[in-house]
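**Student:** Pasting a structure here, questions to come.
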Amino acid sequence: MIPQRERVTVLVLLADVLAPWTGVVTAFAVIEGFAVLNVIPVEPERRALTIGCRYSRHGAWWLYHVHTGELIGPANDLAGAACQIRRRLEKAAA
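To convert, take the position in the sequence shown, counting from 1, and add 74; that gives our numbering.
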């Protein structure tokens with residue numbers, strides 16, 4: 075069993091930050107035993123992003139793109155992470 079409490083808390087808070095955005099919805103899922111947050115654009119030509127949260131060796135939680143492993147930012151900066159996610163979605167749509 076993989077502990078999920080902190081991971082889920084961070085992802086729920088991120089979903090709350092993303093909730094006011096128009097054009098995207100969020101959905102929780104589990105991949106390989108870990109909770110993740112899917113950020114799904116309403117426009118079909120845009121690709122969804124799967125966001126995970128992992129604990130670093132340096133003692134901090136980080137948000138990252140599950141499929142690429144690319145770091146988004148520290149979990150204690152949800153507004154900054156949301157901006158990175160928005161940029162990535164807009165870039166994918168261009």
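Using N, Cα and C, we set each Cβ at its ideal position, and we do this for glycine too. Since the structure is predicted, the reported quantities are computational estimates derived from the model, not experimental observations.
Where do the ends of the beta strand (DSSP E) carrying V84 lie?
**Tutor:** Your numbering for residue 84 matches position 10 in the sequence shown. Where V84 is concerned, there is no enclosing beta strand (DSSP E), although the alpha helix (DSSP H) it sits in stretches over R79 to L92.
**Student:** DSSP has W136 in a bridge; who is on the other side?
**Tutor:** Position 62 of the sequence shown holds residue 136. Answer is R128 and P148, bridged to W136.
**Student:** Thinking A109 and Q78 are a contact (beta carbons under 8 Å), I'd like their distance in whole angstroms, please.
**Tutor:** Working through the sequence shown from its first residue, we reach residue 109 at position 35. Working through the sequence shown from its first residue, we reach residue 78 at position 4. Right, their Cβ atoms sit about 5 Å apart.
**Student:** My output table needs one value for A153: the three-state DSSP class, helix, strand or coil.
**Tutor:** Numbered from its first residue, the sequence shown carries residue 153 at position 79. In the three-state scheme derived from DSSP, where H, G and I count as helix and E and B as strand, A153 is classed as helix.
**Student:** Among all the DSSP beta bridges, which residues are the ones paired with V113?
**Tutor:** The residue you call residue 113 lines up with position 39 of the sequence shown. Answer is T100 and L123.
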